[in-house]
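Heads up: the structure comes next, in structure tokens.
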Amino acid sequence: MTHAIELAAYPEAAQARDPRIPPRDQVVTRDLIERWHREQPDKVFAVFGDDGETWTYAQLREFTLQTALGLRQLGVRQGDHVLVWLPNSREALRVFFAVNYLGAVFACINTAYKGALLAHVIDNADARVAVIHGDLLARLHEVPTGRLDTVVVVGPKTSAPAPLKTLRYEEALLPNDGTLAAPPRPTQPWDPFALIYTSGTTGPSKGVYCSYLHLYSNAGPETWPFVTRDDRYLINMPMFHIGGMGGTYVMFARGASISFVERFDTAGFWKLVRDTQTTVAFLLGVMATFPPASE
Numbered sequence: 013m014t015h016a017i018e019l020a021a022y023p024e025a026a027q028a029r030d031p032r033i034p035p036r037d038q039v040v041t042r043d044l045i046e047r048w049h050r051e052q053p054d055k056v057f058a059v060f061g062d063d064g065e066t067w068t069y070a071q072l073r074e075f076t077l078q079t080a081l082g083l084r085q086l087g088v089r090q091g092d093h094v095l096v097w098l099p100n101s102r103e104a105l106r107v108f109f110a111v112n113y114l115g116a117v118f119a120c121i122n123t124a125y126k127g128a129l130l131a132h133v134i135d136n137a138d139a140r141v142a143v144i145h146g147d148l149l150a151r152l153h154e155v156p157t158g159r160l161d162t163v164v165v166v167g168p169k170t171s172a173p174a175p176l177k178t179l180r181y182e183e184a185l186l187p188n189d190g191t192l193a194a195p196p197r198p199t200q201p202w203d204p205f206a207l208i209y210t211s212g213t214t215g216p217s218k219g220v221y222c223s224y225l226h227l228y229s230n231a232g233p234e235t236w237p238f239v240t241r242d243d244r245y246l247i248n249m250p251m252f253h254i255g256g257m258g259g260t261y262v263m264f265a266r267g268a269s270i271s272f273v274e275r276f277d278t279a280g281f282w283k284l285v286r287d288t289q290t291t292v293a294f295l296l297g298v299m300a301t302f303p304p305a306s307e
């Protein structure tokens, strides 16, 4: 499997820069992927809680480039929104990094959405390409699908409603070869990284743009100095939530590592922590008050 890539030497903008804004290779996914591949290719980035599989930074780059090439061949361009409707999984992680590697925007939506709320966020996300788990596809038959024209299906083989084009993940996003060109311009720290949807408790979910700099400033090395490059952060919250997406990004930006699971599980929590050598966990609200399960 070969993946050629054009790595343009992007000059810095001629205009004066705010000195508080870090350089791209500290905050932008594309630049960080290449930086960590140069500096620490053999360091483990991800440990998966289901079977202990690990991804090094070199493997992360390989998987990211392959999936980015597949998205690019589907017509995804810099600045485009890509709708992602997946539970936490290896596929979700690959798509997360690949979308941003292209300079596109990761628009991940809650796997519980259906009916009018689902129709609202699909319309609001304004995406042409979606990556969706097969178990969720039936819900698309019940709602308008906005600008969507292509659906990539992960898992069970089912079809999206006509006239949407349905492709299997393995066929569309795991190409065996091809050339991945650099985007037309360098992705900047202030560019949109993700489109995150609010919970919708007071009305329809609102799409909120999040930049690379926003996430980096929120929980990066300067604002969370107690979490270091040597830590491993447990991602047990969904990638459509800032607790999952943000934790993954800020550990990646540190050159650190994550342990990754589909969902929070009280019964297996401490065994998971030990097995994956997790050092940091984020527990939202009531999660931290659950009584420990006997093991």
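Heads up: the sequence shown begins at 13 in my numbering, then just goes up one per residue.
Ideal placement from N, C-alpha and C gives every residue a C-beta, glycine not left out.
These numbers come from a predicted model, not from an experiment.
- DSSP, read as helix, strand or coil, puts L186 in coil.
- Between the beta-carbon of T79 and that of L185 there is about 5 Å, and that keeps the pair under the 8 Å contact cut.
- Rounded to the nearest angstrom, the Cβ distance from L246 to V292 is 7 Å, consistent with a contact under 8 Å.
- Counted as a single uninterrupted DSSP element, the beta strand (DSSP E) harbouring T178 occupies residues 177-180.
- Excluding the 5 residues flanking it on each side, G212 has same chain C-beta neighbours closer than 7 Å at L129, in chain order.
- According to DSSP, residue pairing for H93 in a beta bridge involves V117.
- Three or more pairs of CB atoms, one per stretch, sit closer than 8 Å, so the region 279-290 contacts the region 58-66.
- Across the structure, P99 and I144 are spaced so that their CA atoms are roughly 9 Å apart.
- Secondary structure note for L207: its beta strand (DSSP E) is the uninterrupted segment 204-209.
- Burial state of T41 is buried, judged by a 10 Å Cβ sphere holding 16 or more other Cβ atoms.
- Looking at the backbone, the Cα of A137 and that of V165 are separated by about 18 Å.
- Your pair G256 and M249 checks out as a contact, with CB atoms roughly 4 Å apart and the cut at 8 Å.
- Scanning the region 201-277 for uninterrupted alpha helix (DSSP H) segments of 4 residues or longer gives 224-231, 254-266, listed from N- to C-terminal end.
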